[in-house]
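Residues in the sequence shown are numbered consecutively from 420, following full-length UniProt numbering.
We put the CB at the ideal spot given by N, CA and C, even for glycine.
Everything on this sheet refers to the single structure shown next.
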Amino acid sequence: DAKRQGRNTWQWYCGDAIDNVAEHVVIRRELQEAIQAEQFEAYYQPIVDAVSGDIRSVETLIRWHHPTKGLVSPGVFMPIAEQTGQIIAIGRWVLDRACHDIAALNAGRERPLAVAVNISPMQFQRTGFMNEIKAALHASGLPPALLELEVTEGTLMTNTEQAVALLNEVRNLGISVALDDFGTGFSSLSYLRDLPISKVKLDILFIRGISKNAKNAAIVQGVITMAHHLNLAIVAEGIETREEQMDLQQRQCDLLQGYFFSKPLPFDVLKSLPPTLTPP
Ligand code: C2E
Ligand code: MG
Ligand code: MG
Ligand code: MG
């Protein structure tokens, strides 16, 4: 009935788990169309130097322009795409798009930007992933040093030995790896010790309300200090207020990302940003 229908629609947009099988089937079919009809768009969110506000890199965040439902969040469709395997085609598209866009952007910039691309577990574990990366770099002309892969603890957990081998291969190409959503998964400190990564992204969960939550502040400070002793750069995700920005800066966090500086932007808007973001 209409009420149920309404509730399900609301759930869709809020990114709750989709437990309705019929709905799942619909999204699966629509994703197939989306791949063919190129309904996806790559958005880019700046990541800035915590001290200068200079944009150092951008994170690629996929958006789905659904023909009738409007913008659908990746938190909703990416888990389904992962289950169905459609993530492979979507992931390849994002990688190509991101390398292409940022190589083009850099052609007109004095100081080149790096681009981060989120990599899902299935993408990462698939044979041929390295070839996809090489192909994207080759086709776009983006130097490997300007590409960064964001992986989560969950991605690395399944087969850690294989993951280490792949990460080493990635690093040998000159590509860097960031550990995303740090602290939310089955965080293991041995990952920080053993994996060839260069950056840790502290999850928004610990940033929100940092000034009023002494426990969050303690965790954030501890992770920043630890990362630095391990020679890892650290990024704070989800900076929304000046208070948070100043707090993280004082705590020597290297890089900041969040709505306070900029929301994720379509490529055309990204192109018109100044090199330094110093919000009012
Ligand atoms: P993520 O990689 O941890 O990305 C950060 C998320 O935080 C993004 O949500 C971003 O829009 C949001 N965010 C950034 N700044 C703020 C802020 O100040 N406040 C708040 N509340 N949120 C902020 P988004 O774009 O909805 O993406 C959600 C997740 O979907 C991503 O989390 C990532 O896991 C996944 N995702 C997005 N694009 C891709 C993609 O191309 N490939 C893969 N495999 N996953 C993707
Ligand atoms: Mg990410
Ligand atoms: Mg994250
Ligand atoms: Mg996240």
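query: Nearest to phenylalanine 543 by alpha carbon, out of Gly628, Pro694, Leu565 and Gly510?
result: For the purposes of this step, residue 543 is identified with residue 124 of the sequence shown, where counting begins at 1. Nearest option by C-alpha distance: Gly510.
- request: Please list, in chain order, all residues of the same chain as leucine 490 whose beta carbon is under 8 Å from its beta carbon, the five residues on each side excluded.
  value: For this step, residue 490 is matched to residue 71 along the sequence shown. Hits under 8 Å: Arg482, Trp483 and His484.
query: Who are the near neighbours of asparagine 427 in its chain, counting only those whose CB is closer than 7 Å to its CB and skipping five residues on each side?
result: The count along the sequence shown starts at 1 and reaches residue 427 at position 8. Low local confidence applies: a pLDDT of 44 at asparagine 427 is under 50, so the model's placement there is unreliable, with the coordinate-based value given in what follows. Here the set comprises Asn439 and Glu442.
- request: Thinking isoleucine 616 and valine 596 are a contact (beta carbons under 8 Å), I'd like their distance in whole angstroms, please.
  value: Position 197 of the sequence shown, counting from 1, holds the residue named residue 616. Position 177 of the sequence shown, counting from 1, holds the residue named residue 596. Isoleucine 616 to valine 596, Cβ: 5 Å. Contact.
- request: Report yes if the CB atom of glutamate 663 is closer than 7 Å to the CB atom of isoleucine 626, and no otherwise.
  value: On the sequence shown, residue 663 is found 244 positions in, with the first residue counted as 1. On the sequence shown, residue 626 is found 207 positions in, with the first residue counted as 1. Contact: yes.
- request: May I ask you to report which of helix, strand or coil DSSP gives aspartate 520?
  value: Position 101 of the sequence shown holds residue 520. Under the three-state reduction of DSSP, aspartate 520 is assigned to helix.
Residues near isoleucine 594 in its chain [Cβ-Cβ closer than 6 Å; skip 5 each side]: Walking along the sequence shown from the start, residue 594 turns up at place 175. Excluding positions up to five away in sequence, the list reads Pro563 and Leu566.
- prompt: For glutamate 478 versus glutamine 464, is the C-beta distance shorter than 7 Å?
  reply: Start at 1 with the first residue of the sequence shown, and residue 478 comes out as number 59. Start at 1 with the first residue of the sequence shown, and residue 464 comes out as number 45. Yes.
- request: Measure the alpha-carbon distance for aspartate 613 versus aspartate 622 and round it to whole angstroms.
  value: The residue given as residue 613 occupies position 194 in the sequence shown. The residue given as residue 622 occupies position 203 in the sequence shown. Approximately 21 Å, taken between the alpha carbons.
message: With H, G and I counted as helix, E and B as strand and the rest as coil, what does DSSP make of aspartate 473?
response: In the sequence shown, the residue the question calls residue 473 occupies position 54. In this structure, aspartate 473 counts as strand in the three-state DSSP scheme.
message: Let me check understanding here. Comparing Cα to Cα, which of Leu592, His647 and Glu659 lies closest to leucine 624?
response: Position 205 of the sequence shown, counting from 1, holds the residue named residue 624. Residue Glu659 is the option with its Cα nearest to leucine 624.
query: Taking one C-beta from the segment 535–550 and one from the segment 504–521 each time, how about it: are there three or more such pairs within less than 8 Å?
result: yes
message: Need the endpoints of the alpha helix (DSSP H) that alanine 550 sits in, please.
response: As a working note, residue 550 is residue 131 in the sequence shown. Note that residue 550 corresponds to asparagine in the displayed sequence, not to alanine. Taken as a continuous stretch (DSSP letters only), the alpha helix (DSSP H) holding asparagine 550 covers 548–559.
Local Cβ density within 10 Å of tyrosine 610, reported as buried at 16 or more and exposed below that: Residue mapping note: residue 610 aligns to position 191 of the sequence shown, counting from 1. Buried is the label assigned to tyrosine 610, since at least 16 other Cβ atoms lie within 10 Å of its Cβ.
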